[in-house]
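The opening residue of the first sequence carries number 39 in this note's numbering; numbering runs sequentially from there.
All remarks here apply to the structure that follows.
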Amino acid sequence: MPELPEVETIVRQLAPLVVGRTLERVEILDARWSRPLAPGELADALQGRRVERLGRRGKYLVWGLEEDVHLVQHLRMTGAVLFDPDPEPLHTRVRIELGQGHRLAIVDPRRFGTGELLLSVQALEAFFAARLGLEPLDELFTIEHLRGLARGRAAPVKAFLLDQRRIAGVGNIYADEALFRAGIHPLRPAGRLSFEQCARLRETTIAALQAGIDARGATIDDFRHVDGVRGSFQNQFLVHRREGEPCGLCGTTIVKMVVAGRGTYVCETCQPRPRFSRARQSVRSRRPPAPR
DNA sequence: CGCCCTGTTGGGGA
DNA sequence: ATCCCCAACAGGGC
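Next up, the structure:
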């Protein structure tokens with residue numbers, strides 16, 4: 039479930055509950071979660087340390103512990119962090135005792151989630167620098183920035199949006215929503231967006247993510263239900279998973295296709311299909327990609 | 001009941 | 001640069 043808005047919501051709700059507390063006992067029940075470290079090694083590194091801060095970078099949850107020790111957690115598809123769940127949920131992969139009778143359960147039915155140990159802020163920054171681009175909600179995420187990233191790219195704009203090394207935090211759902219709001223077909227080559235389309239896409243990407251965050255004014259109860267969260271927010275989406283339904287703007291039936299290997303929903307009236315969706319640009323007219 | 005497909009993600013190999 | 005497949009599991013369609 040975690041795209042940027044979900045992880046942001048987890049941070050906001052969980053931080054007040056864990057910051058200042060100590061990870062008194064950590065049990066990692068699934069070796070896949072802690073790889074490449076053995077569960078015991080990672081648990082030992084975390085155990086006994088106070089949580090100084092809980093933050094987010096892209097879709098990563100970042101635990102800042104005492105003595106410059108950091109845990110970078112990714113929830114992937116089905117991960118969740120539950121506070122004081124009762125009873126302990128099925129598929130609990132990590133169990134953490136916080137003291138004073140409180141505990142956390144990291145739950146992850148599909149077992150894609152990971153927790154990585156980093157032993158300095160430098161290592162932390164290097165980790166993110168290698169994986170993540172600018173946050174859409176960063177003030178530096180300007181039209182020009184987006185335009186520079188897109189310049190010369192032949193890949194479909196949806197693949198471009200999903201590439202975390204360029205833009206951090208946009209997942210499959212919000213990519214569909216942002217493109218719909220911008221009136222841009224997901225197959226349009228990123229490098230062929232007009233200035234106006236870049237401006238619009240920047241705007242709608244921010245708006246879609248912010249809407250997702252706003253929609254989760256959630257209560258602490260959300261941590262008690264693994265599946266309860268997304269269900270209640272499903273109907274805020276304009277196109278995603280609305281195959282066969284009429285577009286809210288024009289009534290055209292929403293269609294589903296596969297782009298960038300992901301299920302993709304589109305109103306092909308509001309988002310006109312590019313004439314040559316995978317067309318190559320001639321060498322002569324191609325401008326060099328922006329550095330980095 | 002079994003088989004097949006799908007999925008909120010990211011990494012690695014081709 | 002880009003594309004495809006895979007990790008592991010649950011749920012739905014047939």
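Yeah, the Cβ is synthetic: ideal placement off N, Cα and C, and Gly gets one too.
With 16 other Cβ atoms within 10 Å as the buried cut-off, status of residue i
{"i": "threonine 242", "result": "buried"}
{"i": "glycine 250", "result": "buried"}
{"i": "glycine 282", "result": "exposed"}
{"i": "arginine 185", "result": "buried"}
{"i": "proline 125", "result": "exposed"}
{"i": "leucine 276", "result": "buried"}
{"i": "leucine 128", "result": "exposed"}
{"i": "leucine 178", "result": "exposed"}
{"i": "serine 232", "result": "exposed"}
{"i": "glutamine 138", "result": "exposed"}
{"i": "arginine 240", "result": "buried"}
{"i": "glycine 171", "result": "buried"}
{"i": "alanine 22", "result": "This structure does not reach residue 22, given that the chain is present from 39 up to 330, and the question cannot be answered."}
{"i": "arginine 70", "result": "exposed"}
{"i": "glutamate 44", "result": "buried"}
DSSP three-state assignment for residue i, whether helix, strand or coil
{"i": "valine 57", "result": "coil"}
{"i": "lysine 97", "result": "coil"}
{"i": "alanine 143", "result": "strand"}
{"i": "glutamate 90", "result": "strand"}
{"i": "glutamate 234", "result": "helix"}
{"i": "histidine 183", "result": "helix"}
{"i": "leucine 334", "result": "In this structure the chain extends from 39 to 330, so residue 334 is not present and cannot be described."}
{"i": "glutamate 41", "result": "coil"}
{"i": "proline 224", "result": "coil"}
Nearest residue (CA-CA) to residue i, options the options
{"i": "alanine 167", "options": "Ala192, Leu184, Arg204 and Leu187", "result": "Arg204"}
{"i": "threonine 180", "options": "Ala164, Pro312 and Gln235", "result": "Gln235"}
{"i": "leucine 75", "options": "Val304, Leu52 and Gly153", "result": "Gly153"}
{"i": "threonine 130", "options": "Ala246, Leu42 and Asp68", "result": "Asp68"}
{"i": "aspartate 214", "options": "Leu184, Val296, Arg169 and Gln138", "result": "Val296"}
{"i": "leucine 55", "options": "Leu142, Leu80 and Gln274", "result": "Leu142"}
{"i": "glutamate 46", "options": "Ala253, Gln160 and His223", "result": "Ala253"}
{"i": "valine 195", "options": "Phe218, Leu175 and Glu182", "result": "Phe218"}
{"i": "isoleucine 292", "options": "Ser72, Ile66, Glu306 and Pro310", "result": "Glu306"}
{"i": "isoleucine 244", "options": "Leu199, Arg189 and Arg226", "result": "Leu199"}
{"i": "alanine 161", "options": "Arg50, Phe121, Val110 and Glu182", "result": "Val110"}
{"i": "leucine 42", "options": "Leu175, Arg238 and Arg73", "result": "Leu175"}
{"i": "glycine 86", "options": "Arg59, Val304, Arg189 and Pro40", "result": "Arg59"}
Distance CB(residue i)-CB(residue j) smaller than 7 Å
{"i": "isoleucine 144", "j": "leucine 61", "result": "no"}
{"i": "arginine 10", "j": "glycine 229", "result": "Since the first residue shown for the chain is 39 and the last is 330, residue 10 is missing from the structure and cannot be characterised."}
{"i": "cysteine 308", "j": "glycine 221", "result": "yes"}
{"i": "threonine 290", "j": "proline 224", "result": "no"}
{"i": "alanine 118", "j": "leucine 92", "result": "no"}
{"i": "valine 57", "j": "valine 89", "result": "yes"}
{"i": "alanine 216", "j": "alanine 246", "result": "yes"}
{"i": "alanine 83", "j": "isoleucine 66", "result": "no"}
Cβ-heavy atom distance, residue i to the ligand ATP, below 6 Å
{"i": "aspartate 124", "result": "Absent from the structure shown: the ligand ATP. Ligands present: none."}
| request: Answer yes if the stretch 107-115 comes into contact with the stretch 144-162, meaning at least three C-beta pairs across the two stretches below 8 Å, and no otherwise. | output: Yes, the stretch 144-162 is in contact with the stretch 107-115.
| said: I'd like to know if the stretch 156-164 and the stretch 92-108 are in contact, where contact means that at least 3 CB-CB pairs between them fall below 8 Å. | reply: They touch, by the three-pair rule.
| field | At least three beta-carbon pairs within less than 8 Å, the stretch 195-215 to the stretch 93-104 | value | Three or more beta-carbon pairs drawn from the stretch 195-215 and the stretch 93-104 are found closer than 8 Å, and the two stretches are therefore classed as touching.
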